[in-house]
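Residue numbers (our numbering): 214 to 264. Each residue gets a CB set at the ideal place from its N, CA and C atoms; glycine is no exception. Reviewing the structure listed below.
See below:
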């Protein structure tokens, strides 16, 4: 069961996240022979803080 965790600064739309998840899932299925239903992708949005 491939699990992908993406930590990044907040600011991406749900549509952007969906597109990224589709591309990553496709690569894991086609190249890594992972069953699509087993791919898990988690986005963790961190607040942007001023320095």
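- Using only alpha-carbon positions, find the residue among 254, 255, 238 that is nearest to residue 247. 238
- Query: What residues match up with residue 255 in a beta bridge as DSSP calls it?
  - Reply: 218
- Look at the alpha carbon of residue 251 and the alpha carbon of residue 233, and state the distance between them as a whole number of angstroms. Taking the straight line joining both Cα atoms gives about 17 Å.
- Going by the CB atoms, is the gap between residue 217 and residue 254 shorter than 7 Å? yes
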